[in-house]
Amino acid sequence: MEASITTAIEERPEPVLTGKKYDDPSWAERYARYWEPVLAPAGRRLLDALAQDRLLSDAAPAPLSGALTLLDVGTGTGLLTLNAAQRWPGARIIGVDPSAAMVAVARRRATGFVAADTQLEWYEAPADRLPFPDQVVDLAVSSFVFQLVPKRLAALRETYRVLRPGGLLGYVTWIKMDEPFVPRDIVDEEVGELAASWGGAASVAGDVASVGAAARQLRRAGFQRVRAWQEDLSRPWTRAAYLEYVEACRNADAFASLDADARTALRDRIMARLARLPSSGFTWSAPIVFAIGRRPG
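Be aware that the sequence shown starts at 1, since it is given in our numbering, and climbs by one per residue.
Shown next as structure tokens:
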């Protein structure tokens, strides 16, 4: 199969551009340090759910290790891919992402991370133009990616294309809901017009409207035996840790646009307001949706 995948890469056009942040090596490093740990519990929960689906299914086309081929769509800096490699030793694990900077971080982190008999591969390509032939993957996963693609249905159909009959796709992403979080609001008020967008593609699908919408889109893409459910993703911060995350990651461009004195003044104003909040006010929570579907066959 390796030869066929290589051929497919050569025949497909160059991947579309991602947002400038995701293509920036320094941003990729900050993402891995500050934001990836926030998302990590949801990724582990997704792998748990998929493992149960495969264990209980009489249609599973491959064992839970060894012959299994797993694809991580939008691998980013690689944490979900590497967690999957540890969970299914001896499997063939493939990570794909349109950002060369993200993939570079993932490759570096993978050194010495997985079992010797695990085949780990990395490719640069967008989710709606995967560089693989039809029906070569047993299990596809994706964590907080399908909100960033230009067209979510196209990306879901592309994942369906590369799955073998009986193969599973499981993903997790945000549900469209504006959850209150006072520390974030304080930062946004103080940063004001200096605020920069989080990054990503210029035109994106956005967060999923509801659990029902996630299930319907999977069915429209061709998946059957679909199930979707909502959970909450939470992160407890301290004042200092949240301000560090804001300055180094979330609002890094805004802070970088200021000279040293202005940065210090902005930091001091934010910290003074954060200091007036109770510790309980620093637990951030947001609704997320898990969705799993099977390619029939």
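All residues carry an ideal CB built from backbone N, CA and C; glycine is no exception. In this text, all values refer to a predicted model and were calculated from it rather than measured experimentally.
Q: Ignore the nearest five residues each way along the sequence and tell me which others in Phe255's own chain have a CB closer than 6 Å to its CB.
A: Counting from 1 along the sequence shown, the entry for residue 255 is found at position 255. Apart from sequence neighbours up to five positions away, the residues of its chain that approach Phe255 with a beta-carbon distance below 6 Å are Glu247, Arg263, ordered along the chain.
Q.
Check for me: the beta strand (DSSP E) holding Ile292 runs from which residue to which?
A. Counted from its first residue, the sequence shown places residue 292 at position 292. Per DSSP, Ile292 is one residue of the beta strand (DSSP E) stretching across 283 to 294.
Q: Taking 7 Å as the cut-off, decide whether the C-beta atoms of Tyr123 and Val162 are in contact.
A: Working through the sequence shown from its first residue, we reach residue 123 at position 123. Working through the sequence shown from its first residue, we reach residue 162 at position 162. Not closer than 7 Å, so no.
Q. Applying the criterion that 16 or more other CB atoms from any shown protein chain within 10 Å of the CB defines a buried residue, is Pro278 buried or exposed?
A. Mapped onto the sequence shown, residue 278 falls at position 278. Exposed: under 16 other Cβ atoms inside 10 Å.
Q: Consult DSSP for Gly166 and reduce its assignment to one of helix, strand or coil.
A: Start at 1 with the first residue of the sequence shown, and residue 166 comes out as number 166. Three-state DSSP puts Gly166 in a strand.
Q. Which same chain residues, not among the five before or five after Pro61, have their C-beta less than 8 Å away from its C-beta?
A. Walking along the sequence shown from the start, residue 61 turns up at place 61. At Pro61 the pLDDT is 48, less than 50, meaning the model places this residue with poor confidence; the figure from the coordinates comes in the next sentence. The answer, listed in chain order, is Asp138, Arg164, Pro165, Gly166, Gly167.
Q. So Arg267 is in the alpha helix (DSSP H); what residue range does that whole segment cover?
A. The residue given as residue 267 occupies position 267 in the sequence shown. Segment 260 to 274, the alpha helix (DSSP H) holding Arg267.
Q) Roughly how many whole angstroms lie between the Cα atoms of Gly19 and Pro133? A) By one-based count along the sequence shown, residue 19 stands at place 19. By one-based count along the sequence shown, residue 133 stands at place 133. Below a pLDDT of 50, predicted positions are generally treated as unreliable, and Gly19, at 45, falls in that range; no measurement from the model is reported.
Q) Is the distance from the Cβ of Phe181 to the Cβ of Trp35 below 7 Å? A) Here residue 181 corresponds to residue number 181 of the sequence shown, with the count starting at 1. Here residue 35 corresponds to residue number 35 of the sequence shown, with the count starting at 1. No.
Q) Does the Cβ of Thr69 have 16 or more other Cβ atoms within 10 Å, making it buried, or fewer, making it exposed? A) Numbered from 1 along the sequence shown, position 69 holds the residue referred to as residue 69. Classified as buried, Thr69 has 16 or more neighbouring CB atoms from the shown chains inside 10 Å of its CB.
Q: Return the CA-CA distance between Lys151 and Thr159, expressed in angstroms with no decimal places.
A: Taking the first residue of the sequence shown as 1, we reach residue 151 at position 151. Taking the first residue of the sequence shown as 1, we reach residue 159 at position 159. Taking C-alpha positions only, Lys151 is separated from Thr159 by approximately 13 Å.
Q. Asp268 to Ser143, Cα distance in whole Å?
A. Here the question's residue 268 lines up with position 268 in the sequence shown. Here the question's residue 143 lines up with position 143 in the sequence shown. Their Cα atoms are separated by approximately 35 Å.
Q: Indicate the three-state DSSP secondary structure (helix, strand or coil) for Thr69 in the structure shown.
A: Sequence index remark: in the sequence shown, residue 69 carries index 69 (1-based). Three-state result, Thr69: strand.
Q. Out of curiosity, what's the CA-to-CA distance linking Trp27 and Arg225?
A. The sequence position of residue 27 within the sequence shown is 27, counting from 1. The sequence position of residue 225 within the sequence shown is 225, counting from 1. Trp27 and Arg225: Cα-Cα distance of roughly 38 Å.
**Q.** Ser234, DSSP secondary structure in three states
**A.** Along the sequence shown, one-based indexing puts residue 234 at 234. Of the three classes helix, strand and coil, the one that applies to Ser234 here is strand, per DSSP.
**Q.** Residue of Arg109, Trp88, Val105 minimising C-alpha distance to Thr118
**A.** Locating residue 118 in the sequence shown gives position 118, where the first residue counts as 1. Among Arg109, Trp88, Val105, the Cα nearest to that of Thr118 belongs to Trp88.
**Q.** Distance between Gly43 and Ala91 (C-alpha atoms, nearest Å)
**A.** Here residue 91 corresponds to residue number 91 of the sequence shown, with the count starting at 1. Here residue 43 corresponds to residue number 43 of the sequence shown, with the count starting at 1. Roughly 18 Å between the two C-alpha positions.
Q. Under the three-state reduction of DSSP, which class applies to Trp122: helix, strand or coil?
A. Stepping through the sequence shown from its first residue, residue 122 is reached at position 122. Strand, per DSSP.
Q) Near Gly297, what residues of its chain come up, given a Cβ to Cβ distance below 7 Å and the 5 sequence neighbours on each side ignored? A) Here the question's residue 297 lines up with position 297 in the sequence shown. Closer than 7 Å at Cβ, skipping near neighbours: Pro165, Gly166.
Q. Going by other Cβ atoms of all chains shown within 10 Å of its Cβ, with 16 needed for buried, is Ser257 buried or exposed?
A. The residue given as residue 257 occupies position 257 in the sequence shown. Ser257 should be labelled exposed.
Q) In this structure, does DSSP put Thr111 in helix, strand or coil? A) Sequence index remark: in the sequence shown, residue 111 carries index 111 (1-based). Thr111 falls in the coil class under three-state DSSP.
Q: Please name the residue, chosen from Val208, Arg227, Asp128, Glu179, that lies closest to Ala286 on a Cα-to-Cα basis.
A: As a first step, residue 286 must be located in the sequence shown, where it is residue number 286. When each option's Cα is compared against that of Ala286, the closest is Glu179.
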